[in-house]
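Protein chains in written order, with full-length UniProt numbering: chain L, 1 to 331; chain V, 1 to 331; chain D, 1 to 331; chain H, 1 to 331.
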């Protein structure tokens, strides 16, 4: 089963939201109190997806706001360097800073992030800085949930969603939930539901869907039942090492398993998944194959130091799909 | 042509939003710099509609947040006194104040308002303070646009709209645009369109619809064409002394004329219109008659000192409909 | 014992700080929930003292910031009308509002005030809006403690105090403590002490001196012992109906009694006291007589409806001093 | 000429203010856009002085507020490790972050800093978190000007200054001007003058004294004339490579020259100067010798990568004083 896109659109994907700096501890498996040096990478979920998709060969654009400083200029230059169209990335003129994420890798599965996101430039993207002409050129608008956390970025995203619907651009909603910045579970649920109900494809972990629904231990069937009464026709729900499920409105369900890998850290798994999954869909592969691309890409990135710079090219993914081994799940 | 409501609902109407204080200059036709005394009334569009509907005999409730002070207690007591159910009006515990509107009547058609709305209690209504049990008891949820101007009131309204849709409660959106509090035309248009697209009935002046669409000199046909592709089946657009138009999704258009009256001030016209129009619809009158109720009620209120206390009873309205004269429009 | 001023200065007194609106309930002896009409007066401690002093014949100026609205224009016009030089009152251009005080008179000695002081224009006076040329023309700079509650008004006052010291202008500090706006007792004490230590005359109630010292049930002797080691040479401490004490650095102590009157409300007592006390000092009367002027003026104002409009002329005060009777204190 | 301290005090020096993180680019002489790795150090002027003084053998304490995160814990542990008493460093409980300074070394004399100081934990030190018992134990209270930039840290410092005066603790004011956080030159000048007038020793660059006086190209003689009418008896004004001047109230002037060194970056020069200068004074050396200690320590630190970790021990300083060569100044 293939997923249909409007083939007349020039750009394969436009991502909207944050592009930030990750400062990854160079020393692994120790608390950040003891790490002394950090390496700088571009970060932020939608920036990572844009970079990952561009490296896979898609024609990618980005809408966002950068700080007018050395970090902002580094981000723009890096993204342009991997082939992302940065013509719609605007520069903040009010002194806001670049978001930072210091990562701590205590062990492969105890990772934490020390965030600097108060009043960061990306949250100051204005609705008037979103161009209708630009959005209508894309097959996909990729929306990251974190960009909904605060005004005016929130309204810029709501406007872009409305423009995408008007022009037949498929809306892909990466839930990408980060508790930072949000003021209450109620507020989060209100905006997540608003955008999810207007999206064609919704991707997230089960935990993120729970946040969207403001429930505990939610049920996939309830989730898709509700979303399919609105705009969605494809819902991808990820369950960690158990793998992920893609539910089509047509009734089919697909499951993908995680590939065995040497896990260094868990960061960047979701973004690499999304970029490879969307690459495969846009390239005309069927949903089942696209899920494998997502899984393989995630397995590659979690074994490396960065979330953006480590994004694989297609050959790496295809090799892992061809020769890789699934993580075995008991029971 | 009648408008269908769910007859099993106990409450005719629940209004959500602000309940404030009007301080009306006792001296007319002079600048406020020279007025020395003021009379205090309950004010705020949704409070006025709730009071007006309750005085006409509807079973009315209110969802809102009041300051924990003398003004807040006055409002609750007054509304309860005219029959509004105030069980879902919560009291702010963080020191926010009651909104104030000092009115200046330079001449019958040069009225202005000096607003105190920074950080007022009504804008601090939380989504968690909106009760699903309460909303599902109503035939109508009346939403006032001003309550969308700021978080968390904005999210409380978005949540109530979502709950109303879930439980078959008709959503009536009174655009009620006040520039105060909004930060940009883009932001306003984003939220007005979001709610309008989910509403069953949308009521406003032509100027307010222009704000919603972020256009100048908008066109009624364009407006209804767009809204009818979403949830709306009745759109009322008011054109001042030229009267108002009601457009039904079924294709019919109705027009109402303004009744001659001795205009003292223009405040309160919209709220009295909405309360009598909705009263008539709920009472089973046809749309054309309901428009007359709206016009007659507005004509009565603009000839009196307050916007809330002056709300007429049904007999007054019916007498004016029976004996009143229309304002003549040239051409 | 007389108090020396620099006789070469053209203006007798410049007050700095807030000029606001009082909305006094026209109905007495009932809760504000039940009062329906309000009369508008100019209010705010330093504005009241300026008005009171000007009505007594002093040459008075004012430094402050007014809202750009009807209330702001009313204040400027009223103050100019009673003879205050308003050339250094600037108009806010950022949309800040005029402070409001709704007064409630439950009984002659149970008065309360409902304040609107969030982000009011007077607190936005900038240091750059304080003119050195203007301040040096005055015999007295009257500072009101409330103007220290928030930046940038706080820095504007600290700058004016520094300029006054530089030019031999006597600094009179009216403690005028209002809990509103201050964020902690520590913060209040820090700034009250800073200014008190630089002032020539400090006036306040015993309760206000306790706030300044961050103590409970403070002792007058401790207070003056500390202040006299800094700049002060005259300290006036008021004890309500027990009367007030003036302590001179030279060692003398003077006591004044309250005059019998028909108390309507307690508002405005302090401001009328200060204006008549300073008027008498500047007019060359000795400290003991000046205290009587203060007491008499306060007795007159508490028997009337407003705090500003009711400020007496000199003849009224002198008549009461001549014929009035002291309140008797037991014990 | 020696400088007298109260020898009965147990602690030599208590510094108050910020303790932050420096992230120093590991690659020199290139724009930060191109540097990829950073090393983490403790930073912030008063923390550097405390660390420097402790390494020289003084008995040092610190009053400040740390973020409740990995960076905050790193700072406390590091400072404790070099011998600073951290018992009066409190932990923020409201989610504020550690201040960051990314340093860029374009060339030895083109250094810039990318600051993250919005709402950082150190600016949230409350007056109530300053202990009178602690302050009275010190010979010196070292105040850094940056801690005056925002409330409540501003009031905490003003309170500590007042307590120091009360208990005969010498106040040393390191101007340490950073434009970040301050809202206007007027505001800055108001608080710098307030503290300078109460300080015993004032240290800064000529540029910083200009900021304090809100003038351009100010004059050392004017500066000391004014400060000596208040509390100061020693004023140190630094003129970069031209060396520094120490002016004593007794009329003597001392000059120190800079020592030749291999300059890597200019950061940290002032803090190393202050720590060695104060160490020498407290150790009973005369002012002229103390100036040499300051110059030598600065010369050592500017040749190394960090500002804190590079603080020298006394032997290094004494060796440079013994064998070093002065920078020659023309004319």
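C-beta: ideal position from N, C-alpha, C; glycine also.
Note that this is a predicted model, so its numbers are computed, not measured.
Looking only at its chain, what residues have a beta carbon closer than 6 Å to the beta carbon of residue i, apart from the 5 residues adjacent to it on each side?
{"i": "residue 298(L)", "result": "269, 272, 273"}
{"i": "residue 90(L)", "result": "65, 129"}
{"i": "residue 149(V)", "result": "181, 182"}
{"i": "residue 238(L)", "result": "205, 244"}
{"i": "residue 50(H)", "result": "15, 60, 62, 84"}
{"i": "residue 48(H)", "result": "271, 307, 308"}
Is any beta-carbon of chain V found at less than 7 Å from that of residue i?
{"i": "residue 18(D)", "result": "no"}
{"i": "residue 76(D)", "result": "no"}
{"i": "residue 150(L)", "result": "no"}
{"i": "residue 335(D)", "result": "Lying before the first or after the last residue shown, residue 335(D) is absent from chain D, which here runs from 1 to 331."}
{"i": "residue 31(L)", "result": "no"}
{"i": "residue 347(D)", "result": "An answer regarding residue 347(D) cannot be provided, because it is not within the stretch 1 to 331 covered by chain D."}
{"i": "residue 10(D)", "result": "no"}
{"i": "residue 187(L)", "result": "yes"}
{"i": "residue 155(L)", "result": "yes"}
Using CA coordinates, which residue listed in the options is at the minimum distance from residue i?
{"i": "residue 38(L)", "options": "45(H), 289(H), 260(H), 27(H)", "result": "27(H)"}
{"i": "residue 315(H)", "options": "293(H), 88(H), 306(H)", "result": "293(H)"}
{"i": "residue 323(H)", "options": "183(H), 4(H), 259(H), 128(H)", "result": "259(H)"}
{"i": "residue 157(H)", "options": "54(D), 19(D), 191(D)", "result": "191(D)"}
{"i": "residue 254(H)", "options": "263(H), 214(H), 295(H)", "result": "295(H)"}
{"i": "residue 124(V)", "options": "262(V), 252(V), 16(V), 312(V)", "result": "16(V)"}
{"i": "residue 168(H)", "options": "153(H), 155(H), 200(H), 184(H)", "result": "200(H)"}
{"i": "residue 84(H)", "options": "109(H), 19(H), 96(H), 133(H)", "result": "19(H)"}
{"i": "residue 41(H)", "options": "141(H), 6(H), 79(H), 278(H)", "result": "79(H)"}
{"i": "residue 29(H)", "options": "134(H), 264(H), 135(H), 276(H)", "result": "264(H)"}
{"i": "residue 161(V)", "options": "194(L), 320(L), 88(L)", "result": "194(L)"}
{"i": "residue 95(H)", "options": "120(H), 325(H), 107(H)", "result": "120(H)"}
Report back the beta-carbon spacing between residue i and residue j to the nearest angstrom; my notes put them in contact at under 8 Å.
{"i": "residue 22(H)", "j": "residue 43(H)", "result": "3 Å"}
{"i": "residue 139(H)", "j": "residue 170(H)", "result": "6 Å"}
{"i": "residue 233(V)", "j": "residue 256(V)", "result": "The pair is not a contact, with the Cβ atoms about 18 Å apart (cut-off 8 Å)."}
{"i": "residue 208(D)", "j": "residue 177(D)", "result": "5 Å"}
{"i": "residue 58(L)", "j": "residue 313(L)", "result": "Not confirmed; about 12 Å, so no contact."}
With a CB to CB cut of under 8 Å and the five nearest residues on each side skipped, what residues in its chain are close to residue i?
{"i": "residue 113(H)", "result": "101, 102, 103, 104, 267"}
Going along the chain, which residues of its own chain have a beta-carbon closer than 7 Å to the beta-carbon of residue i, five neighbours each way excluded?
{"i": "residue 137(V)", "result": "9, 10, 11"}
{"i": "residue 68(L)", "result": "91, 92, 93"}
{"i": "residue 278(V)", "result": "13, 53, 140, 172"}
Using 7 Å as the limit for Cβ to Cβ distance, is residue i near chain D?
{"i": "residue 311(V)", "result": "no"}
{"i": "residue 265(H)", "result": "no"}
{"i": "residue 69(V)", "result": "yes"}
Would you say residue i lies against chain L (beta-carbon separation less than 7 Å)?
{"i": "residue 331(V)", "result": "Here residue 331(V) scores only 42 on pLDDT, less than 50, and its place in the model is too uncertain to base an answer on."}
{"i": "residue 143(V)", "result": "no"}
{"i": "residue 117(H)", "result": "no"}
Pull up the DSSP beta-bridge partners for residue i, would you.
{"i": "residue 140(V)", "result": "13(V), 170(V)"}
{"i": "residue 300(V)", "result": "Answer is none; residue 300(V) lacks a bridge partner."}
{"i": "residue 85(V)", "result": "61(V)"}
{"i": "residue 2(V)", "result": "DSSP output for residue 2(V) lists no bridge partner at all."}
{"i": "residue 22(V)", "result": "41(V), 101(V)"}
{"i": "residue 326(H)", "result": "259(H)"}
{"i": "residue 112(H)", "result": "104(H)"}
{"i": "residue 333(D)", "result": "Residue 333(D) lies beyond the range of chain D shown here (1 to 331); nothing can be said about it."}
Can you confirm whether residue i, when its beta carbon is compared against all beta carbons of chain H, has any partner nearer than 7 Å?
{"i": "residue 124(L)", "result": "no"}
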